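In UniProt numbering, the protein residues as written are 1 to 201.
Where a beta carbon is used, it is the ideal one built from N, C-alpha and C, also for glycine.
Keep in mind the model is a prediction, meaning the values are calculated, not measured.
Set out below in structure tokens:
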């Protein structure tokens, strides 16, 4: 919901950093993989009960996720880069709730429901992007991307805010997870309604 609104403030900084990295030959895909590994290590730290360390790695993952796109824009956007980026994103989004599930037995059910809601939002997002590409639809609301990014209630900014809250107050993981799972389900409903309007014959 807030991703597109924040891009004008975040992108100039990321683009300068991305241009600097590109100028010394660091590729976007390398940054994507480093970011994914950073997120997995963060999930492991959370599983071991080190939530503040996990928080630092979650933030580092998101910074690297922004930088890979900036490097790609400074060099060349590729289809494989777009594919790798979205796969790395979902690895991260899955890994953090799994980390909390391993951290405490009472986290298991809310983590499972949160992951199920992530699966639904991911499916709706990618299905919308696939059909939008088939119809030749384009948007730049989220910056230059390899495929169509459909706006929803639950997007990257909201998810990161939720993960940060979970790391800061891990004892309330269950309540936060249940609440955000509901928001994700509302996003699926919203996106489905938008698909019905956009793709109706």
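Hey, quick one: how far does the alpha helix (DSSP H) through residue 71 stretch, first residue to last?
51-74
Decide if residue 30 is buried, meaning its Cβ has at least 16 other Cβ atoms within 10 Å, or exposed.
exposed
Nearest by alpha-carbon distance to residue 45: which of 99, 16, 82 and 15 is it?
99
If you compare alpha carbons, which of 18, 183 and 88 is closest to residue 154?
183
Rounded straight-line distance, which links the Cα of residue 41 to that of residue 164
16 Å
Confirm, please, whether the CB-CB distance from residue 61 to residue 35 is below 8 Å.
yes
Considering residue 29, what are the terminal residues of the alpha helix (DSSP H) in which it resides?
28-47
Please report the distance separating the alpha-carbon of residue 53 from that of residue 59.
10 Å
Would you call the stretch 109-127 and the stretch 61-76 in contact, with 3 or more CB pairs under 8 Å?
no
Just checking, does the stretch 74-85 make contact with the stretch 107-117 on the three C-beta pairs under 8 Å criterion?
no
Which of the three DSSP states is assigned to residue 117 in this structure?
helix
Buried/exposed call for residue 130, threshold 16 Cβ in 10 Å:
exposed
How big is the Cα-Cα spacing for residue 92 and residue 185?
19 Å
Helix, strand or coil at residue 142 according to DSSP, with G and I counted as helix:
Caution is warranted here: a pLDDT of 44 is assigned to residue 142, below 50, making its placement in the model unreliable, and no coordinate value can be reported.
Confirm, please, whether the CB-CB distance from residue 97 to residue 177 is below 8 Å.
yes
Closest by CA to residue 172, which one among 157, 193 and 107?
107
Have a look at residue 21 and residue 188 and give me their C-alpha separation to the nearest angstrom.
36 Å
Return helix, strand or coil for residue 20, following the three-state DSSP convention.
helix
For residue 127, which residues of its own chain have a beta-carbon under 8 Å away from its beta-carbon, when the five flanking residues on both sides are left out?
195
Can you give me the Cβ contacts of residue 216 inside the same chain, cut-off strictly under 6 Å, excluding the 5 residues immediately before and after it?
No answer is possible for residue 216: it lies beyond the span of the chain, which begins at 1 and ends at 201.
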